[in-house]
Amino acid sequence: MLLMKKLLLLSFILAGFVSLAQETQYYTALPNNGSTSGLSRAPQGTQRYIRTVYLITSAEATASGLVNGDVINSIGFLYSTAQNLATTGNFIVYMQNTADATNTKSTTWSTAISGMTTVSNSTFTIPATTGQAFHTFSGGSPFTYTGGAIYVAFDYQNAAGPIATTANVALCSNTLTAGLKNAQSTTAIPTTLTSTSNFRPHTLLGKNVACASPLNIATSNITLTGADVTWTGAGTNYSIQYGTQGFTVGNGTIVNNISSPYTIPSLNSGTAYSYYIKKFCTAPNESIWDGPYNFTTVFAPATPPYSYGFEANGDWSILNAGTGNNWGLYTATGTGAIPAAAEGTAYAAYPFNSTNAANAWLFSRALNLTAGTSYNVDFKYRTADGTPYPENFKVTMGTDKTVAAQTNTLQTYNSTTVQVWTQANLTFTPSTTGVYYLGFHCFSAADQYVLAVDDVQITQTLSTEEFSQSRINVYPNPVKDILNIKSDIPNIESITITDLNGRIVKSINYNTVSEVNCNISDLNSGIYFLRIASTDGILDKKIIKN
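What the sequence shown shows, in mature numbering (1 follows the signal peptide of the UniProt record, and there is no 0), is residues -21 to -1, 1 to 525, in sequence order.
Structure follows, in structure tokens:
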């Protein structure tokens, strides 16, 4: 009997150890869409006081995998640019279940947090590194998710400790109009939320599970045909599942028994992919497929004609060479500083930094250019509505996406205040054949407003003499079905039509004819580039397919 009691007691103890062997699984309750902000949408180390409240919609929370009854025990954010030193402050986190579809919280802080649960009241160190930053709840009350939307609020206070002089940049989603309200200060605790923004921080929410997926999953060394995936965790008890972006879990390519780092092989260039990671613990425990983590392989260099309007990932990149803010991609909403894009709905912009001057670069996709050939470099630019603020930028061309390589200045714009989309028409003739990158360098003074760029087009220049000799007409434009091309002389040798990504969608050869009737009814509506090769040279035209 005594032996049986001991065995029974031991089984209870072991069961207790099993129940305590919990790990934190993080769910991406609010995924970013590539937009960024350094204005305290997530905890920001350059500020002493930050108060922020934002909404995670029901659709976003549900898509993350969170379910009714989950007890949330931690929160995380994602930084794309690090601040220059780690900073620590008191961090109070509030949460609330809601049926709201928009952020209806008051701009009075005390009213905004009324009715919310204080889930944590402890310290938080904002890291001086990029990637994920997590905070485990402590000093608060438990919060149980009941389905639907979630309000998240935080109150960060660093009254006397060191503060950063270089701001971090947090990845955000800007898909919910006025989804966030906040205020920041280096001198006093704000009582009113003075800023309303579409930018909500990428947010991870954690709960206890028996086996959690690894942390700090990241993608690097992205090439034309592959990418490296890393995570925190030793051993080979991991699996990856990947496919083109948007694939259904279970239908992707699965590779088991892998370790970090892992290289995803044999991919197509210029293609958007997603992947998920799973960890296997002591049988039968295994984590969820954690993801999706998205990336796009490097695009092969584009040969002009080339056009880009920032509507989709086009292999453009940004570089912050200073202590101000950085370029970002934005969606026009009909209101705000830039209410409309020059074309489509998206544009690139540099938003002001209140204390530091701009030194930020926006680089194009790789471009194949030929020595001695003259290229048109056309784009549209503008500054923000409202009070005019002077912005400075220059347009460059170089052989790499670095400051040092951007050695050719096409044009410098000092103190521009144009508040409508303005057409710029520049030219560039390379001295050597090779790969080049177009650069936009914003060097505005501190505390200006917004500089925006859109509708970039690079085409090969046809000389006046060639135009005169060719006398080629293209009509109608816009066109629905039949595109007519007519020359005064029989000199048309071929036509090539490319889409906005530089992909050839139609190519036809001719025997020096004077008239072409090209059926393009099979093409989707949109903007295309038509290249006409004639005995007199090359003619590039932009056409619109209805």
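All residues carry an ideal CB built from backbone N, CA and C; glycine is no exception. Computed from a predicted structure; not experimentally measured.
Quick check on the DSSP output: the alpha helix (DSSP H) that includes residue i runs from which residue to which?
{"i": "W88", "result": "W88 to A91"}
{"i": "T41", "result": "S37 to S43"}
Please classify residue i: does DSSP put it in a helix, a strand, or coil?
{"i": "T261", "result": "coil"}
{"i": "E370", "result": "strand"}
{"i": "A197", "result": "strand"}
{"i": "L246", "result": "coil"}
{"i": "I47", "result": "Position check: residue 47 holds Asn in this sequence, whereas Ile was assumed. The answer is coil: DSSP assigns N47 none of H, G, I, E or B."}
{"i": "S59", "result": "strand"}
{"i": "I464", "result": "strand"}
{"i": "A425", "result": "coil"}
{"i": "A512", "result": "strand"}
{"i": "R450", "result": "coil"}
{"i": "E473", "result": "The question names Glu, yet the displayed sequence has Ser at residue 473. Strand."}
{"i": "T396", "result": "coil"}
{"i": "E2", "result": "strand"}
{"i": "V(-4)", "result": "In this predicted model, V(-4) has a pLDDT of only 40, less than 50, meaning its place in the structure is not dependable enough to derive any value."}
{"i": "T443", "result": "Residue placement at T443 is poorly supported in this model, since its pLDDT is 47, which falls under 50; the coordinates are not used for a value here."}
{"i": "L9", "result": "strand"}
{"i": "K459", "result": "coil"}
{"i": "T104", "result": "strand"}
{"i": "D478", "result": "coil"}
{"i": "R27", "result": "coil"}
{"i": "S500", "result": "coil"}
{"i": "residue 604", "result": "Nothing can be reported for residue 604: it is not among the residues displayed for the chain, which extend from -21 to 525."}
{"i": "S85", "result": "coil"}
{"i": "A80", "result": "coil"}
{"i": "A251", "result": "strand"}
{"i": "L34", "result": "strand"}
{"i": "G288", "result": "coil"}
{"i": "K524", "result": "strand"}
{"i": "G505", "result": "strand"}
{"i": "residue 548", "result": "Examination of residue 548 is not possible in this model, given that the chain is present from -21 through 525 alone."}
Taking residue i as part of the beta strand (DSSP E), name the residues at either end of that continuous run.
{"i": "F419", "result": "G413 to C421"}
{"i": "M95", "result": "No beta strand (DSSP E) holds M95; DSSP gives it neither H nor E."}
{"i": "D434", "result": "V429 to Q439"}
{"i": "residue 585", "result": "A query on residue 585 cannot be resolved here, the shown segment of the chain reaching from -21 to 525 and no further."}
{"i": "I142", "result": "Run containing I142: none; DSSP gives neither H nor E here."}
{"i": "N299", "result": "S296 to N299"}
{"i": "N488", "result": "I483 to V492"}
{"i": "P271", "result": "D269 to T275"}
{"i": "R20", "result": "Note, R20: premise wrong, no beta strand (DSSP E); not H, not E."}
{"i": "Q111", "result": "G110 to T115"}
{"i": "G68", "result": "T66 to T77"}
{"i": "L150", "result": "V148 to S152"}
{"i": "Q402", "result": "T401 to F407"}
{"i": "T15", "result": "S14 to S16"}
{"i": "S410", "result": "Careful: S410 lies outside any beta strand (DSSP E) and carries neither H nor E."}
Is the closest heavy atom of the ligand SAM to the C-beta of residue i under 6 Å?
{"i": "T408", "result": "The ligand SAM is absent from the structure shown, which contains no ligands of any kind."}
Checking 7 Å against the spacing of the C-beta atoms, do residue i and residue j come in under that value?
{"i": "A512", "j": "S473", "result": "yes"}
{"i": "T173", "j": "A189", "result": "no"}
{"i": "residue 526", "j": "F508", "result": "Lying before the first or after the last residue shown, residue 526 is absent from the chain, which here runs from -21 to 525."}
{"i": "Q436", "j": "D357", "result": "yes"}
{"i": "V148", "j": "T31", "result": "no"}
{"i": "L405", "j": "L389", "result": "yes"}
{"i": "P284", "j": "V414", "result": "no"}
{"i": "A91", "j": "S43", "result": "no"}
{"i": "T334", "j": "A425", "result": "yes"}
{"i": "C151", "j": "S296", "result": "no"}
{"i": "N153", "j": "S14", "result": "yes"}
{"i": "N496", "j": "I461", "result": "yes"}
{"i": "V208", "j": "Y255", "result": "no"}
{"i": "A132", "j": "L64", "result": "no"}
{"i": "Y58", "j": "T97", "result": "no"}
{"i": "P330", "j": "V429", "result": "yes"}
{"i": "R361", "j": "W400", "result": "yes"}
{"i": "T175", "j": "K160", "result": "yes"}
{"i": "residue 550", "j": "T165", "result": "In the structure as shown, the chain starts at -21 and stops at 525, and residue 550 therefore has no counterpart that could be examined."}
{"i": "P169", "j": "R20", "result": "no"}
{"i": "T282", "j": "N347", "result": "yes"}
{"i": "T202", "j": "N137", "result": "no"}
{"i": "T215", "j": "N236", "result": "yes"}
- Query: If you pair each beta-carbon of the segment 451 to 469 with each one of the segment 311 to 319, do three or more pairs fall below 8 Å?
  - Reply: No: the two stretches stay apart, fewer than three of their Cβ pairs being nearer than 8 Å.
- Cβ pair count under 8 Å reaching 3, the segment 277 to 292 against the segment 323 to 343: Touching, yes.
- Whole beta strand (DSSP E) elements within the segment 303 to 390, 3-residue minimum: For the beta strand (DSSP E) assignment, the uninterrupted runs of no fewer than 3 residues enclosed by the segment 303 to 390 are, from N- to C-terminal side, 307 to 310, 325 to 330, 339 to 342, 346 to 348, 354 to 362 and 370 to 377.
- Query: In chain order, which beta strand (DSSP E) runs of at least 3 residues are fully inside the segment 158 to 245?
  - Reply: Within the segment 158 to 245, the runs of beta strand (DSSP E) at least 3 residues long that lie entirely inside it are, in chain order, 159 to 164, 174 to 176, 182 to 188, 194 to 199, 206 to 211, 217 to 223, 232 to 237 and 241 to 243.
- Do the segment 45 to 59 and the segment 119 to 129 make contact, defined as three or more Cβ pairs closer than 8 Å? With a cut-off of 8 Å, the segment 119 to 129 and the segment 45 to 59 count as touching, because enough Cβ pairs lie within range.
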